[in-house]
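Each remark here refers to the structure printed beneath this line.
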């Protein structure tokens, strides 16, 4: 059976729709699709992306959607008003422009409700115009309260219910990677969502082929023990879906089905 995978989407609804159209053209309307997380942040329409995924899963589409680190940050902001994660070495919070939380909130803004996320005139536009990140105090709590009111319950449940990994046959889907040398059933959640080194530099066989995103490239790439399918949609590059036949991977480009050969 052909299995399809979609890398980090980051609010790029148009790119997601194009990727799904390519998958359907290659494998039909009931194709098995695994999404590896990071549905939100940076791009213009995180709300639209979650709408599409929630509607598809509710309708019984043959999809699996696992959790990414940006999805957990959005979830924690809604649940607890948290904007910081210990795994971000720079100390930047979710509402920093580099992380993209502001753009996620903007996608939920009601243009007729100027008070969304901030009581000042301009609402969310005022929030987005700040040069300094909102990372604490009453202002942050007002933003969180407004976000909780604006984000549909179905979107929060979607974020809460995502699994951290998914295995099918010879493939293991995770968001960021695995800790080398640790049994797959003993992996730490933070590693599954955030790891780069030592995973990216490790050449050992992990058992199944690891299919992951998180570390943005210019296009999907294959390695002997893993395939990175994050082609950088969060930075404006194309969201290229990948088809798997066993451990063999094929990028579904605009022109063709292109074999990804391990470097």
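In our numbering, the protein residues as written are 341 to 603. All C-beta atoms in this analysis are idealised placements derived from N, C-alpha and C, irrespective of residue type, glycine included.
query                                                                                          : result
CB of residue 580 within 8 Å of CB of residue 571, strictly                                    : yes
Buried versus exposed, by CB contacts within 10 Å (16 or more), residue 561                    : buried
Contact belief for residue 407 with residue 515 at Cβ below 8 Å, rounded distance in angstroms : 6 Å
DSSP state of residue 592 mapped onto helix, strand, coil                                      : strand
Nearest residue (CA-CA) to residue 583, options 360, 377 and 354                               : 360
Same chain, Cβ closer than 8 Å to residue 367, neighbours up to 5 away in sequence not counted : 342, 344 and 583
Buried or exposed (CB count within 10 angstroms, at least 16 for buried), residue 541          : exposed
Inter-residue spacing [alpha-carbon to alpha-carbon] between residue 383 and residue 529       : 25 Å
Limits of the beta strand (DSSP E) - the one that residue 374 falls within                     : 372-375
Cβ contact check for the segment 409-427 and the segment 370-387: 3 or more pairs under 8 Å    : yes
Spatial distance of residue 445 from residue 487 (CA atoms)                                    : 7 Å
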